[in-house]
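In the numbering used here, the protein residues as written are 127 to 334. C-beta atoms are modelled at their ideal positions from N, C-alpha and C, and glycine is treated no differently. All values derive from a computational prediction rather than experimental measurement. One structure below.
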Amino acid sequence: LCHLDIFLIGSFFRYARVNKNGYVRILTNYGAINLELFCKDAPRACENFIKHCKNGYYNNTKFHRIIRNFIMQGGDPTGTGKGGDSIWGKPFKDEIISSFSHDQRGILSMANQGTDTNKSQFFITFRSCSYLDGKHTIFGRVVGGTGTLNAIEKIETDESSRPIANVIFVNAEIFVDPFEEAEIAVEKERENIRLAKTNQENGKNFIF
127 LCHLDIFLIG SFFRYARVNK NGYVRILTNY GAINLELFCK DAPRACENFI KHCKNGYYNN
187 TKFHRIIRNF IMQGGDPTGT GKGGDSIWGK PFKDEIISSF SHDQRGILSM ANQGTDTNKS
247 QFFITFRSCS YLDGKHTIFG RVVGGTGTLN AIEKIETDES SRPIANVIFV NAEIFVDPFE
307 EAEIAVEKER ENIRLAKTNQ ENGKNFIF
């Protein structure tokens, strides 16, 4: 097996052990927003988001696009809306769940440039935008900080929907990371396999 095959197999086993939602708090210069992440349903998008939060990739980046009654968009270190990358260094596939919908305020979803072009940019809805269903991967929702959303939505923007006053993703705090827990479980299984193999080999070498 090549390195990529081993990586993909490892990811499959980790994702199979993810059975709970993640929880993250992002701090902006307008207040905090608490997010619930649908890690079991959209594992790639959630792992990408959590790891970017953990490694500081999003720290001090701008929410470069704010449209009242629509969305706030961020996740681009360049602040232009044209940058950003995934934790894998390339775009990753959509994870469209038919039962999920952009049908309310506070839906967390991946921004993209078309099918399977997800990188690092994301958006949060200010209202129902069901026409986005099937086009963007929904991977979470806002569960706290509605006052922060209200404040950000009211910010004045220019003709390109860029906020006149900077809206900053200051940092993030991870409360629950199901992927880290799954990795620990997988590593324990690997260690048990190694020990069993060693014991088996030692048994073969034992002479009565």
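Quick check: the Cα distance between Asn160 and Thr324, rounded to an integer number of angstroms? Distance between the alpha carbons of Asn160 and Thr324: 46 Å.
Per DSSP, Ser246 forms a beta bridge with which residues? Note: Ser246 sits in no beta bridge, so no partner.
How about Phe218 and Ser224: are their beta carbons less than 8 Å apart? Cβ atoms of Phe218 and Ser224: not closer than 8 Å.
Going by the DSSP bridge assignment, what does Ala298 pair with across the sheet? Beta-bridge analysis with DSSP links Ala298 to Ile152.
Please determine, among Ala322, Phe249 and Arg191, the residue with the shortest C-alpha to C-alpha distance to Ala89. As displayed, the chain neither begins before 127 nor continues past 334, which places residue 89 out of reach and without an answer.
Is it buried or exposed, Phe301, if we count other Cβ atoms within 10 angstroms and call 16 or more buried? By the Cβ-count criterion, Phe301 is exposed, with fewer than 16 other Cβ atoms from all chains shown falling within 10 Å of its own Cβ.
What distance in whole Å lies between the Cβ atoms of Cys165 and Lys180, which are believed to be in contact at a cut-off of 8 Å? Incorrect: roughly 14 Å between the Cβ atoms, too far for contact.
Helix, strand or coil at Phe196 according to DSSP, with G and I counted as helix: Of the three classes helix, strand and coil, the one that applies to Phe196 here is coil, per DSSP.
Counting pairs of beta carbons, one from the segment 275 to 290 and one from the segment 187 to 198, are three or more of them closer than 8 Å? Yes: the two stretches touch, three or more of their Cβ pairs being nearer than 8 Å.
Which runs of the alpha helix (DSSP H) spanning at least 4 residues fall entirely within the segment 256 to 304, listed in chain order? Runs found: 272 to 279.
Please report the straight-line C-alpha distance between Thr187 and Asn292, rounded to a whole angstrom. Thr187 and Asn292: Cα-Cα distance of roughly 10 Å.
So, does the CB of Tyr156 fall closer than 8 Å to a CB anywhere in chain B? Included in the structure is just one protein chain, with no chain B present.
Taking just the CA atoms, how far does Gly210 sit from Asn155? Straight-line measurement puts the Cα of Gly210 at about 21 Å from the Cα of Asn155.
Alpha carbon of Gly271 to alpha carbon of Cys255, nearest angstrom: C-alpha of Gly271 to C-alpha of Cys255: approximately 20 Å in a straight line.
Would you kindly work out how many angstroms separate the C-alpha atoms of His228 and Glu313, rounded to a whole number? The straight-line gap from Cα to Cα measures roughly 37 Å.
Let me know if Ser251 comes out buried or exposed under the rule of 16 or more other beta-carbons within 10 Å of its beta-carbon. Reading off the sequence, residue 251 comes out as Thr, not Ser. Under this definition Thr251 is a buried residue.
Residues bridged to Phe218 by DSSP? Looking at the DSSP assignment, Phe218 forms a beta bridge with Asn244.
Only counting the same chain, and skipping five residues up and downstream in sequence, which positions put a Cβ closer than 8 Å to that of Leu275? Beyond the five residues adjoining it in sequence on each side, Leu275 comes within less than 8 Å, by CB distance, of Ile159, Met198, Arg231, Gly232, Ile250, Phe252 and Val268 in the same chain, given in chain order.
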